[in-house]
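Contents: one structure, followed by commentary.
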Amino acid sequence: NFVMEAKKWDYLISPNEYSTEIFKKAFKFEKEIVESGYPRNDYLINENNENVIERIKIETNLPVDKKVILYAPTWRDNQFYGRGRYKFDLQMDLNLLKEKLSNEYIIVLRLHYLIAENLNLTDYEGFVYDLSFHEDIRELYLVADLLITDYSSVFFDYAILKRPMIF
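This is how it looks when you write it as structure tokens:
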């Protein structure tokens, strides 16, 4: 089906030369391929500066003087209360993290929208921020000094920033 659909395309966007060769074979594509990177990731290169990062922190009500740890786990559909009602087990000891890191860091949570949990973060006000419904995760990548994930595909995009990640 992809090969048939590809015959209708006039152009194909490729992130790099390596992918171009794969796309040509996979889609049997013989028309023009434009090597332009991934448009969603161009933002990470073009907007990665102190002014933009500070603006995003202010817009999201994050302290501008703290480093940001972004926790963005993969959504797992094997934990649930019932059909369409998923639960989430936060794999972090927030008490310990707050005790050890709160002078210098904050934690930003970016959880999948299907997770039914409404985490009670009252005890962590000013340290843990739930930005799960923030529209553009690329902005969260920019403000993050460190990403913690469990092999979610977010690490591919975040890696462009060449910042530390913990899996």
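Using my numbering, the first residue of the sequence shown is number 2, and each one after it goes up by one.
Just so it is clear, CB atoms sit at the ideal spot from N, CA and C, and this is done for glycine as well.
Spatial neighbours of S103 in its own chain (CB-CB distance under 7 Å, excluding positions within 5 residues in sequence) are listed in chain order as F128.
Going by beta carbons, L13 and I34 fall inside the 8 Å limit.
Put simply, of N47, W10, V69, Y39 the residue whose alpha carbon is nearest the alpha carbon of I149 is V69. Under the three-state reduction of DSSP output, V4 falls in the helix class.
In the DSSP assignment, L148 falls within the unbroken beta strand (DSSP E) covering 147-149.
S15 carries a strand assignment under DSSP once its states are collapsed to helix, strand and coil. F134 and D66 have their C-alpha atoms spaced approximately 23 Å apart.
Non-local beta-carbon contacts of I161 in its own chain, meaning distances under 6 Å to residues more than five positions away in sequence, involve N42, L45 in chain order. Counting along the chain, the unbroken alpha helix (DSSP H) around K101 starts and ends at 95-102. Boundaries of the beta strand (DSSP E) around Y130: 129-131.
For V109, the enclosing beta strand (DSSP E) begins and ends at 106-110. By the beta-carbon neighbour count (other beta carbons within 10 angstroms, threshold 16), P40 is exposed.
Cβ neighbours of K32 within its own chain (closer than 8 Å, five residues either side excluded): W10, D11, Y12, L13. In the DSSP assignment, E33 forms a beta bridge with Y12.
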